[in-house]
Amino acid sequence: MTETQRDKPWLFRTYAGHSTAEKSNALYRQNLARGQTGLSVAFDLPTQTGYDSDHVLSRGEVGKVGVPVSHIGDMRALFNEIPLEVMNTSMTINATAAWLLALYISVAEEQGADVTRLQGTVQNDIIKEYLSRGTYVFPPAPSLKLIADVAEYCYQAVPKWNPMNVCSYHLQEAGATPEQELAYALATACAVLDQVRGQVPEEDFPEVVSRISFFVNAGIRFVTEMCKMRAFVDLWDEITRDRYGVENPKQRRFRYGVQVNSLGLTEQQPENNVYRILIEMLAVVLSKKARARAVQLPAWNEALGLPRPWDQQWSLRMQQIMAYETDLLEYGDLFDGNPAIDAKVEALKDGAREELARIDEMGGAVAAIDYMKSQLVAANTARLGRIEAGTTVVVGVNKYPDGEPSPLTSGEGGILVVDPAVEADQIGRLNAWREDRDEAAAQAAIEALKEAARSGGNIMPPSIAAAKAGVTTGEWGGAMREVFGEYRAPTGVGKAASAPASNLAEVRAAVDAASSKLGRRIKFLVGKPGLDGHSNGAEQIAVRARDSGMEVLYEGIRLTPAQIVNAAVEESVHVIGLSILSGSHLPLVEEVLTRMRDAGLEDVPLVVGGIIPESDAETLRGEGVARVYTPKDFELNRIMLDIVALVDGEGRAAA
């Protein structure tokens with residue numbers, strides 16, 4: 003009896019990185035030893051937004067959501083004893099992608115690697131940062147130029163590297179429908195290819211197209227999500243053939259990696275998330291025609307905080323059992339010819355084509371940023387409204403909420419907590435690095451960077467030279483900011499369509515009554531301090547407060563505590579709400595409270611929302627925070643009534 007031929011499994015990844023380069027390196031080597039076949043690097047927010055660890059905006063953010071990489075020494079430590087020539091590395095990095103790739107290439111060269119054999123990807127998708135994730139830095143035009151620079155450099159010097167990972171993952175996290183996720187991701191890819199086309203010889207363009215990859219999301223409606231992946235395959239083939247004239251079918255192949263949905267993971271009954279993650283993985287592995295090239299799964303407890311190594315191992319084992327214990331990889335596509343699947347795929351393609359045509363009429367993805375952002379906020383508002391109304395069932399949240407306490411979350415050590423001393427240690431080592439380097443060489447490299455940016459030259463060669471000269475991430479970011487300027491993306495709140503809520507009349511009546519007592523509308527300041535760009539929650543709070551009749555101030559992401567408190571004083575607000583999902587809530591809220599007291603705002607209630615463990619919530623309430631909300635608090639109308647009570651119950655006058 004002959005053995006059945008099995009397909010090669012996808013790459014197994016876990017998205018990881020925290021605290022320091024040394025600790026993250028130990029985690030990577032441990033995961034690789036346990037059967038992980040590719041690396042997926044999470045960088046901290048200062049690294050993602052081009053700041054050094056000692057910048058004022060970096061306070062509280064160092065090492066929290068990823069690893070800090072301030073210079074080539076950190077990158078060297080991050081990949082110590084990991085041979086980059088044979089590794090497949092995904093780096094989730096966007097605005098500073100050219101810089102982190104330059105550091106990676108420089109370390110690979112130090113290891114003696116053949117750079118032409120390096121495999122992996124930088125995400126390098128700035129448009130979705132404007133729409134959802136929020137780690138953008140520069141305006142659209144220079145941002146697209148930086149993306150194209152990486153693509154132009156890679157196809158010549160690092161030909162196996164994917165220079166861009168069009169990322170629809172965060173679009174779904176921001177509430178995108180499947181049709182929107184398809185359309186907005188493909189529109190982004192077109193914007194990048196239109197830019198790259200002008201920077202490479204025409205005969206080389208199909209090869210550049212073939213290196214564009216995608217990073218997508220897979221939600222709980224796994225049949226729809228699987229059909230979405232098949233639609234992606236068809237639409238990408240169609241676009242690359244008809245719009246860009248790519249004749250070779252292999253160069254038109256849709257290549258993607260995936261992380262399944264984190265948006266639907268619940269704080270309530272978190273053990274249920276294991277089933278959700280498994281079901282969501284099915285969407286991207288069952289159909290051979292649309293099977294992912296790489297899969298990374300969130301951990302069951304991500305709605306509670308940072309997962310521990312054991313939690314990541316559990317998710318890795320889920321992939322390995324699917325690939326090695328089942329017979330999935332012994333068969334061809336299980337869905338070809340299925341009329342229900344074919345009909346759903348065609349419907350998704352039609353919806354995506356309509357939206358793509360609308361974006362093209364506006365002038366493409368960059369011109370349509372404001373439109374797409376407002377559509378995402380509106381879609382997320384509708385999604386949350388369905389959960390509140392119970393028409394979308396979330397088991398353990400709005401249906402069957404009563405259950406046994408989870409033994410998985412009892413006791414200490416249920417989540418990973420980054421030591422607060424990490425930040426001071428990283429800053430100390432950063433200062434020592436600056437003191438020990440050849441300062442003249444570093445400054446000369448920075449000037450060369452600026453000149454390349456000003457002249458329109460490819461940024462990669464001078465970035466690699468700067469990496470080798472010991473230039474820091476903040477210095478690279480500062481040089482680019484000096485030439486390109488900075489950008490503030492639209493919030494999408496002002497144009498978001500209101501979603502009816504079943505009891506909004508009750509909330510509006512309460513707002514009206516309290517406003518009458520005050521003599522003017524309740525004024526609510528929604529702020530996002532620090533570098534956390536996950537703005538979905540803040541946007542939904544702002545939209546619901548506006549729809550409830552409050553006057554809302556929301557200026558978007560990346561504000562300092564000083565800016566937030568100054569705005570509260572200048573605008574005479576009645577209540578301040580902070581949204582922080584990066585784990586930096588303790589130091590940032592402490593600073594806001596201190597500044598509020600110094601400004602005479604002791605009587606203005608402060609509410610805070612985020613992924614906040616109960617022990618931290620107790621600390622915040624003890625310091626004077628009026629309310630703490632976490633992902634379990636999904637009833638926005640209840641939050642609105644709380645805010646009214648905080649203002650009305652005290653009979654407060656304006657600040």
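Just so it is clear: in the sequence shown, position 32 is 34 by the numbering used here, and no numbers are missing.
Beta carbons: idealized from backbone N, C-alpha and C, even for Gly.
It should be emphasised that the depicted structure is a prediction, and the values quoted were computed from it without experimental measurement.
- Nearest Cα to aspartate 421 within the set Val67, Asn263, Gln50 and Leu41: Val67.
- Taking 3 residues as the minimum length, the beta strand (DSSP E) runs contained wholly in the segment 256 to 287 are 258 to 262, in order along the chain.
- Taken through DSSP and simplified to helix, strand or coil, isoleucine 614 comes out as coil.
- Around glutamine 253, the same chain offers Pro208, Glu209, Val211, Ser212 and Thr242 as residues with beta carbons nearer than 8 Å, after the five sequence neighbours per side are excluded.
- In this structure, the straight-line span from the alpha carbon of glycine 521 to that of leucine 580 is close to 25 Å.
- Three or more beta-carbon pairs drawn from the segment 556 to 574 and the segment 487 to 496 are found closer than 8 Å, and the two stretches are therefore classed as touching.
- Around the beta carbon of lysine 375, 16 or more other beta carbons sit within 10 angstroms, so the residue counts as buried.
- In the structure shown, the three-state DSSP call for arginine 199 is helix.
- Classified as buried, valine 399 has 16 or more neighbouring CB atoms from the shown chains inside 10 Å of its CB.
- For glutamate 304, the number of other beta carbons within 10 angstroms of its own is at least 16, and it is reported as buried.
- In the three-state reduction of the DSSP assignment, glutamate 437 falls in the helix class.
- Lysine 470 and glycine 177 have their C-alpha atoms some 41 Å from each other.
- Around the beta carbon of alanine 442, a 10 Å sphere encloses fewer than 16 other beta carbons of the protein chains shown; the residue is thus reported as exposed.
- Linking isoleucine 128 to glutamine 121 through their CA atoms gives a straight-line distance of about 22 Å.
- A direct Cα-Cα distance of roughly 32 Å separates alanine 444 from arginine 135.
- In the three-state reduction of the DSSP assignment, leucine 580 falls in the strand class.
- Pairwise C-beta distances place the segment 34 to 45 in contact with the segment 12 to 19, as three or more of them are shorter than 8 Å.
- Remark: fewer than three beta-carbon pairs, one from each stretch, lie closer than 8 Å, so the segment 465 to 484 and the segment 79 to 96 are not flagged as touching.
- Here phenylalanine 14 is bridged, per DSSP, to Val297.
- Bounds of any beta strand (DSSP E) do not take in isoleucine 361; it lies within the alpha helix (DSSP H) bounded by 341 to 364.
- According to the DSSP assignment, isoleucine 214 belongs to the beta strand (DSSP E) that extends over 214 to 220.
- DSSP, read as helix, strand or coil, puts proline 531 in strand.
- For glycine 68, no beta strand (DSSP E) run applies, since DSSP gives it neither H nor E.
- Under the 10 Å beta carbon count, glycine 266 is surrounded by 16 or more other beta carbons and is classified as buried.
- Methionine 89 and glutamine 113 have their C-alpha atoms roughly 13 Å apart.
- The residues Ile429 and Leu432, in chain order, have a CB closer than 7 Å to that of aspartate 56 in the same chain once the five nearest residues on each side in sequence are set aside.
- In the structure shown, the three-state DSSP call for asparagine 90 is strand.
- Contact annotation: valine 495 and alanine 544 have beta-carbon atoms nearer than 8 Å.
- Between glycine 539 and glycine 62, the C-beta gap is not smaller than 8 Å, which leaves the two residues out of contact.
- Cβ neighbours of alanine 292 within its own chain (closer than 6 Å, five residues either side excluded): Met231, Arg232 and Val235.
- Counting along the chain, the unbroken beta strand (DSSP E) around asparagine 167 starts and ends at 166 to 169.
- Per the DSSP secondary-structure output, glutamate 553 pairs in a beta bridge with Lys525.
- Ranked by how close their Cα comes to the Cα of valine 646, the residues Arg436, Val528 and Arg510 have Arg510 in first place.
- By the neighbour-count criterion, in which 16 or more other beta carbons inside 10 Å mark a residue as buried, valine 287 falls on the buried side.
- Contact check for leucine 506 against glycine 529 fails: the beta carbons are separated by 8 Å or more.
- According to the DSSP assignment, arginine 629 belongs to the beta strand (DSSP E) that extends over 629 to 631.
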